[in-house]
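Each protein sequence line maps, in turn, to chains A and B.
No gaps in the numbering here: position 21 of the first sequence is 83 in the working numbering, and each next residue is one more.
No gaps in the numbering here: position 71 of the second sequence is 139 in the working numbering, and each next residue is one more.
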Amino acid sequence: MIYLDNAATTLIKPREVRQAAAAALHSMGSPGRGGHRFAMAAGETAFSLRERAAELFNVDSPEKVVITFNATHGLNIAIRSLVSDGDRVVVTGFEHNSVIRPLRAAGAVTDAAGADGETEDLIRRLPGSAACVVNHVSNVNGRILDIETVAEACLREGVPLVVDASQSAGAVDIDMKRLGAAFIAMPGHKGLYGPQGTGLLLVGRDSEPVLYGGSGSASLLDTMPEELPDRLEAGTHNMPGIAGLLAGIEFVRRTGTKRILAHERRLIRRAAESLSEIRGVRLYGSGEGAGVLSFTLDGTEPEDIAERLDKMGVAVRAGLHCAPLAHKTLGTLPSGTVRLSVSAFTSQPDIDGFTDAVSKIARL
Amino acid sequence: MDYLIICRSLTYAQRTESVLRAGGYRASLTRVPASVWKEGCGYGVKLRGADIGRAAELLNRRGLPPRKVVEAP
Chain A
63 MIYLDNAATT
73 LIKPREVRQA
83 AAAALHSMGS
93 PGRGGHRFAM
103 AAGETAFSLR
113 ERAAELFNVD
123 SPEKVVITFN
133 ATHGLNIAIR
143 SLVSDGDRVV
153 VTGFEHNSVI
163 RPLRAAGAVT
173 DAAGADGETE
183 DLIRRLPGSA
193 ACVVNHVSNV
203 NGRILDIETV
213 AEACLREGVP
223 LVVDASQSAG
233 AVDIDMKRLG
243 AAFIAMPGHK
253 GLYGPQGTGL
263 LLVGRDSEPV
273 LYGGSGSASL
283 LDTMPEELPD
293 RLEAGTHNMP
303 GIAGLLAGIE
313 FVRRTGTKRI
323 LAHERRLIRR
333 AAESLSEIRG
343 VRLYGSGEGA
353 GVLSFTLDGT
363 EPEDIAERLD
373 KMGVAVRAGL
383 HCAPLAHKTL
393 GTLPSGTVRL
403 SVSAFTSQPD
413 IDGFTDAVSK
423 IARL
Chain B
69 MDYLIICRSL
79 TYAQRTESVL
89 RAGGYRASLT
99 RVPASVWKEG
109 CGYGVKLRGA
119 DIGRAAELLN
129 RRGLPPRKVV
139 EAP
């Protein structure tokens with residue numbers, strides 16, 4: 063099988079990730095719950111994850127690395143911490159529902175920048191807004207936002223910045239200190255090569271929990287403790303996931319995000335070149351972004367293409383990719399696109415096998 | 069003399085232990101007994117045979133002021 067749905071989940075993981083997750087199942091208790099060796103082993107692993115992530119993303123202190131269930135969980139915390147009913151919030155035209163739905167639930171009015179001159183348009187909308195919540199890399203076409211320029215403008219205007227790093231973490235450099243962001247949310251199971259059910263929230267300012275419960279600390283209080291990370295980590299931790307994510311982050315640090323991005327870009331460029339030679343194909347994205355590319359084929363529904371590709375041994379994702387705003391921006395509503403997304407483990411023969419298959423479908 | 073440095077959370081205790089060990093102290097993570105910590109369930113760092121004043125100074129410099137220090141039970 064050729065697996066090209068890495069923007070949803072990187073299915074092929076480093077061997078160390080599988081080993082670490084499996085070992086945790088029988089060697090780790092719950093961090094912060096007890097002083098016995100199994101609880102302490104879990105505590106050491108969770109702390110190592112915070113330290114390694116703090117180094118990778120230049121966070122000034124490991125307790126500001128909060129372990130979440132996924133990026134959506136982190137984005138919900140960030141939005142609840144910053145946004146009140148009636149607030150105007152600046153977003154890009156590429157936001158995922160993990161941003162749009164929590165904003166709607168908070169009663170915010172979203173003010174979306176256009177795709178043309180995106181950075182300038184975003185900055186123009188900042189004055190008077192309650193927050194700026196931005197998609198770093200699009201999960202539809204792989205475009206990379208000029209996050210440094212947006213962050214500088216947010217600091218200048220005093221607007222808290224939230225970065226959805228779902229597609230960028232592990233492939234594009236992220237520097238929490240330099241950006242001065244209020245929050246950066248990311249999943250563990252995509253570009254950080256951890257198991258599903260893991261994520262990280264980098265915290266740069268006061269925060270409000272979305273879950274309340276046991277934290278293993280200050281147990282006589284009937285409120286969540288003020289201290290991070292306990293304030294935002296109620297309930298039992300996913301230790302197999304955390305151990306796997308630690309191994310995934312070590313893989314990314316060893317390999318290097320620049321090298322991973324260069325590899326992914328080479329593959330996306332190759333796919334774009336081959337697809338552009340097929341009659342009726344329209345491309346959304348290029349080899350200048352991250353490892354994501356979308357396309358449509360005139361006269362064939364994206365879902366039909368994906369179904370045929372699956373039968374031919376190629377896994378891609380079709381439809382709206384939980385990002386209807388992005389498809390509105392790209393003009394690909396209501397059917398969406400077919401998306402291919404690569405990882406550090408995708409090879410050139412994978413890409414060639416995929417484009418051959420699309421070629422065959424186009425000739426039918 | 070041995071001391072028990074009481075910390076705000078497990079993560080703070082882990083950072084405290086790490087900073088003290090790197091500073092050459094004999095420090096080890098431990099649970100805090102309810103008799104010395106009234107907020108319930110806490111972690112601390114046991115410091116063996118050290119000058120607590122200098123250790124506290126080091127922790128303050130690293131942004132980890134001890135919440136409470138008692139003689140180790």
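Heads up, the beta-carbon is just placed ideally off N, CA and C, and yes, glycines get one too.
Nothing here was measured: the structure is a model prediction, and the numbers come from that model.
Using the C-alpha atoms, what's the distance from residue j back to residue i?
i: A:Gly155; j: A:Ser143; result: 23 angstroms
i: A:Asp284; j: A:Arg163; result: 30 angstroms
i: A:Val404; j: A:Thr172; result: 31 angstroms
i: A:Met102; j: A:Ala86; result: 12 angstroms
i: A:Ser409; j: A:Leu66; result: 10 angstroms
i: B:Arg93; j: A:Val225; result: It is Tyr, not Arg, that sits at residue 93 of chain B in the sequence shown. Between B:Tyr93 and A:Val225, the C-alpha separation is close to 40 angstroms.
i: A:Gly204; j: A:Phe131; result: 24 angstroms
i: A:Pro76; j: A:Val196; result: 30 angstroms
i: A:Leu329; j: A:Asp414; result: 9 angstroms
i: A:Ala380; j: A:Ser336; result: 19 angstroms
i: A:Leu359; j: A:Ser200; result: 21 angstroms
i: A:Glu78; j: A:Ala104; result: 17 angstroms
i: A:Gln258; j: A:Asp366; result: 27 angstroms
i: A:Gly94; j: A:Ser277; result: 7 angstroms
i: A:Met63; j: A:Val376; result: 6 angstroms
i: A:Thr319; j: B:Met69; result: 48 angstroms
i: A:Gly351; j: A:Val212; result: 17 angstroms
i: A:Leu426; j: A:Gly361; result: 11 angstroms
i: B:Leu127; j: A:Ala116; result: 19 angstroms
i: A:Ala243; j: A:Asp237; result: 9 angstroms
i: A:Asp147; j: A:Ala168; result: 6 angstroms
i: A:Leu382; j: B:Arg122; result: 60 angstroms
Is residue i helix, strand or coil when you go by DSSP?
i: A:Tyr255; result: coil
i: B:Tyr80; result: helix
i: A:Asn197; result: strand
i: B:Arg118; result: With the sequence shown as reference, residue 118 of chain B is identified as Ala, and Arg is not the correct amino acid for it. B:Ala118 falls in the coil class under three-state DSSP.
i: A:Leu241; result: helix
i: A:Phe313; result: helix
i: A:Ala352; result: coil
i: B:Arg135; result: coil
i: A:Asp414; result: helix
i: A:Leu223; result: strand
i: B:Gly112; result: strand
i: A:Ile367; result: helix
i: B:Val104; result: coil
i: A:Ala174; result: strand
i: B:Arg130; result: coil
i: B:Ser96; result: strand
i: A:Asp292; result: helix
i: A:Asp284; result: coil
i: A:Leu66; result: coil
i: A:Leu395; result: coil
Assuming residue i and residue j are in contact, meaning their beta carbons sit under 8 angstroms apart, how far apart are those beta carbons, in whole angstroms?
i: A:Arg331; j: A:Gly353; result: Contact flag wrong, Cβ pair sits at about 11 angstroms.
i: A:Ile129; j: A:Pro291; result: 7 angstroms
i: B:Ile75; j: B:Arg135; result: Here the sequence assigns Cys to residue 75 of chain B, which means Ile is not the residue at that position. Between B:Arg135 and B:Cys75 the Cβ distance is about 6 angstroms, and since that is below 8 angstroms, they are a contact.
i: B:Pro150; j: B:Pro101; result: The requested residue 150 of chain B is not part of the displayed model; chain B covers only 69 to 141.
i: B:Cys109; j: A:Ser279; result: 6 angstroms
i: A:Asn159; j: A:Cys384; result: 5 angstroms
i: B:Tyr71; j: B:Ile120; result: 5 angstroms
i: A:Arg261; j: A:Pro249; result: According to the sequence as given, residue 261 of chain A is Gly; it is not Arg. Indeed they touch by this definition, with Cβ atoms about 5 angstroms apart.
i: A:Leu294; j: A:Leu345; result: Wrong, their Cβ atoms sit about 40 angstroms apart, outside the cutoff.
i: A:Ser356; j: A:Gly347; result: 6 angstroms
i: A:Ala296; j: A:Pro271; result: 6 angstroms
What are the boundary residues of the beta strand (DSSP E) that residue i is part of?
i: A:Met248; result: Phe245 to Pro249
i: A:Gly381; result: Arg379 to Gly381
i: A:Thr399; result: Thr399 to Ser403
i: A:Leu263; result: Gly261 to Val265
i: A:Thr391; result: Per DSSP, A:Thr391 belongs to no beta strand (DSSP E); it is in the alpha helix (DSSP H), Pro386 to Leu392.
i: A:Leu426; result: Where A:Leu426 is concerned, there is no enclosing beta strand (DSSP E), given that its DSSP letter is neither H nor E.
i: A:Ile206; result: Unbroken run through A:Ile206: none, as it is neither H nor E.
i: A:Val272; result: Premise fails: A:Val272 is in no beta strand (DSSP E) and is neither H nor E.
i: A:Leu73; result: Segment: none, A:Leu73 is in no beta strand (DSSP E) and carries neither H nor E.
i: A:Val234; result: Neither: A:Val234 is in no beta strand (DSSP E) and is coded neither H nor E.
i: B:Leu72; result: Tyr71 to Ile74
i: A:Leu345; result: Val343 to Tyr346
Where do the N-terminal and C-terminal ends of the alpha helix (DSSP H) with residue i fall, by residue?
i: A:Asp183; result: Glu180 to Arg187
i: A:Ala334; result: Thr319 to Ser338
Given 8 angstroms as the limit, tell me if residue i has its C-beta closer than that to any heavy atom belonging to the ligand FAD.
i: A:Leu402; result: The ligand FAD is not part of the structure shown, which contains no ligands of any sort.
Exercise for the section: Ignoring anything shorter than 3 residues or poking outside the segment 88 to 171 of chain A, list the beta strand (DSSP E) runs there in chain order. Expected result: 127 to 130 and 150 to 153
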